[in-house]
Amino acid sequence: MDDVKDYCWQSVVPRETLEIYKAYHRELYIGSRPALLVIDLYNCVFPPGPLPLSEAVDIHPSSCGENAWNAIQPIANLIAFSRDRQIPIIHTTSGARRSGNQEHVRATNRNATQFSVVDYDFYPVFKPQDKERIIYKDRASAFFGTPLIAHLTQLGINTIMVCGESTSGCVRATVVDGYSYGFHMVVFEETVFDRSTLSHQINLFDLHHKYADVLHLCDLQMYWSQRNGGDIR
Numbered sequence: 001m002d003d004v005k006d007y008c009w010q011s012v013v014p015r016e017t018l019e020i021y022k023a024y025h026r027e028l029y030i031g032s033r034p035a036l037l038v039i040d041l042y043n044c045v046f047p048p049g050p051l052p053l054s055e056a057v058d059i060h061p062s063s064c065g066e067n068a069w070n071a072i073q074p075i076a077n078l079i080a081f082s083r084d085r086q087i088p089i090i091h092t093t094s095g096a097r098r099s100g101n102q103e104h105v106r107a108t109n110r111n112a113t114q115f116s117v118v119d120y121d122f123y124p125v126f127k128p129q130d131k132e133r134i135i136y137k138d139r140a141s142a143f144f145g146t147p148l149i150a151h152l153t154q155l156g157i158n159t160i161m162v163c164g165e166s167t168s169g170c171v172r173a174t175v176v177d178g179y180s181y182g183f184h185m186v187v188f189e190e191t192v193f194d195r196s197t198l199s200h201q202i203n204l205f206d207l208h209h210k211y212a213d214v215l216h217l218c219d220l221q222m223y224w225s226q227r228n229g230g231d232i233r
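Written out as structure tokens, the structure reads:
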């Protein structure tokens, strides 16, 4: 784990804390059989432009404002990279999108709001292609009460690359569960986002040291190349 990497949490985590967490240092990698898990990229999350959160939530309370907007291109790049290399891609979305039931079991304790029929449609840039699998979930984790583990087992996956939202919510819950099931978890910093920048930074710091390898998208090709050499993991 490289101390000089310019991770987003370095401005908020004290140096003494970083020193304490050196016990978690290890080699970072992408395993031999990866899949890309694309989490909850709904229409309602993305504003019509790089709006501050305070303005974006006036348009839709589920919006993540400019944090979501800034992640569009990195996520698109990661999905394109995966499609070009025939990496399996699995998309998650809310069970409400399929059932239309706003009173169903929800992912968090946030007060429920009315939604239109298109709010939970996939944002057009990230619309699943044919043969890409879709998982409908009602809780934060993509594993809870879904057939995700069966799909991953069927595909022979040993590494799950994660992108989407939110870092402190559905991304975190999914990464922790994935690690608990024995998968090597990878998160690309620029491809996950949150309403709160501070929550994004602190949760990535914690995930990186305990449950996942947080990598930079600009280093994806390097890590992908390393995966094809040396020991198969």
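If you're matching positions, the sequence shown starts at 1 in full-length UniProt numbering and goes up one per residue. For glycine and all other residues, C-beta sits at the position ideal for the given N, C-alpha and C.
What does the alpha-carbon distance come out to for the pair residue i and residue j?
i, j, result
"Asp194", "Thr167", "5 Å"
"Trp9", "Tyr24", "16 Å"
"Asp58", "Asn77", "29 Å"
"Tyr181", "Lys137", "18 Å"
"Tyr120", "Asn43", "6 Å"
"Asn158", "Leu37", "13 Å"
"Ile160", "Phe188", "11 Å"
"Phe35", "Leu217", "The question names Phe, yet the displayed sequence has Ala at residue 35. Computed Cα separation, rounded: 16 Å."
"Ile87", "Ser94", "23 Å"
"Pro124", "Lys210", "34 Å"
"Gly178", "Val171", "10 Å"
"Ile135", "Leu220", "25 Å"
"Val13", "Asp130", "42 Å"
"Met222", "Tyr29", "10 Å"
In or out: residue i buried (at least 16 other Cβ within 10 Å) or exposed?
i, result
"Thr191", "buried"
"Asn70", "exposed"
"Val214", "buried"
"Ala68", "buried"
"Ala150", "exposed"
"Gly164", "buried"
"Pro52", "exposed"
"residue 236", "Examination of residue 236 is not possible in this model, given that the chain is present from 1 through 233 alone."
"Asp153", "What sits at residue 153 in the sequence shown is Thr, not Asp. With fewer than 16 Cβ atoms within 10 Å of its Cβ, Thr153 is classed as exposed."
"Gln201", "buried"
"Val176", "buried"
"Ser11", "exposed"
Are any of the Cβ atoms in chain B nearer than 8 Å to that of residue i?
i, result
"Leu53", "Note that chain B does not occur in the displayed structure, where there is just one protein chain."
Taking the beta strand (DSSP E) that residue i falls in, what are its first and last residues?
i, result
"Tyr136", "Arg133 to Lys137"
"residue 281", "The structure shown does not extend to residue 281, since the chain is modelled only from 1 through 233, so no value can be given for it."
"Gly164", "Thr159 to Glu165"
"Glu189", "His184 to Phe193"
"Ser94", "Ile89 to Ser94"
Specify, as a first and last residue, the run of the alpha helix (DSSP H) that residue i falls within.
i, result
"Thr146", "That residue, Thr146, is in no alpha helix (DSSP H); it is neither H nor E in DSSP."
"Val214", "Here Val214 belongs to no alpha helix (DSSP H); instead the beta strand (DSSP E) covers Asp213 to Leu215."
"Asp206", "Thr197 to Lys210"
"Val175", "Arg172 to Ser180"
"Arg47", "Rather than Arg, the amino acid found at residue 47 in this sequence is Pro. Counting along the chain, Pro47 falls outside any alpha helix (DSSP H), and DSSP gives it neither H nor E."
"Gln129", "Per DSSP, Gln129 belongs to no alpha helix (DSSP H) and is neither H nor E."
"Arg227", "Leu220 to Arg227"
"Ala80", "Gly65 to Asp84"
"Glu16", "Arg15 to Ile20"
At least 3 beta-carbon pairs within less than 8 Å: the stretch 202-210 vs the stretch 8-19: Touching, yes, given that three or more Cβ pairs across the two stretches are closer than 8 Å.
Inter-stretch contact at 8 Å, needing at least 3 Cβ pairs: the stretch 76-96 / the stretch 47-65: Touching, no, given that fewer than three Cβ pairs across the two stretches are closer than 8 Å.
Cβ pair count under 8 Å reaching 3, the stretch 142-149 against the stretch 44-60: The stretch 142-149 makes no contact with the stretch 44-60: fewer than 3 CB pairs, one atom from each, lie closer than 8 Å.
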